[in-house]
Amino acid sequence: NAGVTQTPKFQVLKTGQSMTLQCAQDMNHNSMYWYRQDPGMGLRLIYYSASEGTTDKGEVPNGYNVSRLNKREFSLRLESAAPSQTSVYFCASSEGRRGVFSWETQYFGPGTRLLVL
Amino acid sequence: TQLLEQSPQFLSIQEGENLTVYCNSSSVFSSLQWYRQEPGEGPVLLVTVVTGGEVKKLKRLTFQFGDARKDSSLHITAAQPGDTGLYLCAGLPYSGAGSYQLTFGKGTKLSVIP
């Protein structure tokens with residue numbers, strides 16, 4: 007099993023460009039998450055999906071959109087990238103049996119490093 | 228937003244030394260998790276503590292959840308270079324606290340020098 011995979015691993019964008027970060031999990035998990043990690047800020051939740059077909063905003067959703075394409079895949083889209091969106095983006099998943107926010111293990115992907123110039 | 232303060236922010240020690248890192252909040256959490264993150268990778272769960280006063284041991288790592296469920300500590304005995312990494316605590320607030328989001332601290336960056 008690959009666990010949680012993310013593509014691309016690195017990306018450089020110019021301000022105003024758009025892109026989609028892809029995430030897939032092969033653990034048959036119900037819940038999926040997108041976080042960003044910035045120096046001195048820790049991990050912050052952008053969006054989450056409790057189950058296939060549902061998405062909700064997290065702590066820092068502005069400038070992002072998400073799509074839960076199916077149970078395996080959860081994508082994050084930047085419509086018009088800004089330098090403030092330079093960060094490392096992590097996708098995570100959990101079983102989601104107790105509800106999306108419970109003391110379950112979250113399994114993280116390796117991250118996408120994004121630089122917006 | 229429920230804040231989790233981690234200390235120290237950075238820690239550099241020699242192999243074989245003991246250390247403790249802390250995770251503190253003014254809010255009550257229903258559970259607290261510790262993750263370790265190595266450079267270029269995503270965080271990996273080490274432990275979940277759910278009962279006030281709970282102590283869990285994982286080989287040389289000892290985790291404690293405060294009696295009031297507002298704080299936690301991670302103690303490493305005889306640190307090894309393989310312990311190097313970023314240690315993150317993450318808490319799940321009680322529903323009455325107004326937020327169901329898993330809150331992460333900013334982390335403690337540990338370097339163990341051979």
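Top line first, the protein sequences correspond to chains A and B.
Under this note's numbering, think of the first position of the first sequence as 7, with each following residue one higher.
Under this note's numbering, think of the first position of the second sequence as 228, with each following residue one higher.
Positions of the beta carbon are idealized from the N, C-alpha and C atoms, including for glycine.
Given the structure is predicted, the values throughout are model-derived calculations rather than measurements.
- Query: Name the chain C residues that come within less than 7 Å of A/M47, Cβ to Cβ?
  - Reply: Among the protein chains of the structure shown, namely A and B, there is no chain C.
- Message: Please state the DSSP three-state secondary structure of B/P320.
- Response: strand
- Counting pairs of beta carbons, one from the segment 229-249 of chain B and one from the segment 107-122 of chain A, are three or more of them closer than 8 Å? no
- Task: Find the residues of chain B that neighbour A/P116, judging by a C-beta separation of less than 9 Å, and give them in chain order.
- Result: Chain B residues near A/P116: G267, E268, G269.
- Comparing the C-beta of B/V274 with each C-beta of chain A, is any distance below 7 Å? Output row for B/V274: interface = no.
- Considering A/A98, what are the terminal residues of the beta strand (DSSP E) in which it resides? 93-100
- Query: What residue range is occupied by the uninterrupted beta strand (DSSP E) comprising B/E232?
  - Reply: In the DSSP assignment, B/E232 falls within the unbroken beta strand (DSSP E) covering 232-234.
- Query: Taking 7 Å as the CB-CB cut-off, is A/W40 touching chain B?
  - Reply: Between A/W40 and chain B, the shortest Cβ-Cβ separation is not below 7 Å.
- Query: Looking at C-alpha atoms only, which residue of B/G318, B/V274, B/Q236 is the closest neighbour of A/P45?
  - Reply: B/Q236
- Would you grab the beta carbon distance between A/R42 and A/Y113 for me? Rounded to a whole angstrom, and I think it's under 8 Å. Not really, about 17 Å apart at Cβ, beyond 8 Å.
- Message: Spatial neighbours of B/P341 within its chain, please: C-beta separation below 7 Å, excluding the five flanking residues on both sides.
- Response: Only E242, P308 meet the Cβ criterion.
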